[in-house]
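Chemist: I have a structure here, written as structure tokens, and I will follow up with some questions on it.
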Amino acid sequence: MIRSVMVMNTQGKPRLAKFYDFQPVEKQQELIRSVFGALCSRAENVSNFIEADLIFGPDTRLVYKHYATLYFVFIFDSSENELAMLDLIQVFVETLDKCFKNVCELDIIYNYSKVVYSSHNLGVKLSYVGACEL
0 MIRSVMVMNT
10 QGKPRLAKFY
20 DFQPVEKQQE
30 LIRSVFGALC
40 SRAENVSNFI
50 EADLIFGPDT
60 RLVYKHYATL
70 YFVFIFDSSE
80 NELAMLDLIQ
90 VFVETLDKCF
100 KNVCELDIIY
110 NYSKVVYSSH
120 NLGVKLSYVG
130 ACEL
């Protein structure tokens with residue numbers, strides 16, 4: 000089961016986030032900070048898969064892809080396939096590229112409705128958190 004989907008920039012500001020388990024806003028911000036801390040400390044030449052047990056609890060994994068100034072992150076449990084999640088990120092980014100002719104961070108901020116529509120086509124419901132300061 001997918002537990003969370005996040006899109007954040009390279010400074011750690013979340014641009015889109017969805018938590019499928021209820022989390023209070025303060026906990027969401029803490030989780031986003033923890034995920035960003037784990038991502039920015041990794042070298043470019045390492046795997047895109049992280050065991051996220053310390054962040055999201057037991058039996059949780061994180062897969063991410065870094066495109067230009069954005070990190071696309073999916074957090075899921077062991078019932079999901081890691082490579083399938085990586086492929087889902089790729090499909091999501093390709094869908095956004097088709098909508099925006101080479102998607103960038105500003106496209107996500109200023110064209111939220113198109114991003115949400117694209118994510119619904121993939122079966123992923125997202126929430127806008129662009130104004131959220133961590």
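The opening position of the sequence shown corresponds to residue 0 in numbering that gives the first Met the number 0, with each subsequent residue numbered one higher.
For glycine and all other residues, C-beta sits at the position ideal for the given N, C-alpha and C.
#1: Taking only the alpha-carbon atoms, compute the straight-line gap between Leu69 and Thr9 and give it to the nearest angstrom.
#2: Could you pull out every residue in the same chain whose Cβ sits closer than 7 Å to the Cβ of Ser78, ignoring the five residues on either side in sequence?
#3: Going by DSSP, name the residue or residues bridged to Pro13.
#4: Short check: CB of Val90 to CB of Leu15, under 8 Å?
#5: Spell out the partners DSSP gives Thr59 in its beta bridges.
#6: May I ask you to verify whether the segment 23–32 touches the segment 87–102, counting CB pairs closer than 8 Å and requiring at least 3?
#7: To the nearest whole angstrom, what separates the beta carbons of Leu85 and Lys64, a pair I think is in contact under 8 Å?
#8: Got a sec? Which residues, its chain only, sit under 7 Å from Leu51 by beta carbon, not counting five neighbours each side?
#9: Within the continuous alpha helix (DSSP H) that includes Phe35, where are the two ends?
#10: Would you tell me roughly how many angstroms separate the C-alpha atoms of Leu105 and Ala67, rounded to the nearest one?
#11: For Lys64, write down the residues that DSSP places opposite it in a beta bridge.
#12: Considering Phe21, what are the terminal residues of the alpha helix (DSSP H) in which it resides?
Modeler: According to the structure shown:
#1: 6 Å
#2: Met0
#3: Met7
#4: no
#5: Asp76
#6: no
#7: 7 Å
#8: A small fix is needed here, since residue 51 is Ala in this sequence, not Leu. Hits under 7 Å: Thr59, Arg60, Leu61 and Ile74.
#9: Val24 to Cys39
#10: 12 Å
#11: Phe71
#12: Phe21 -> no alpha helix (DSSP H), and no H or E assigned at all.
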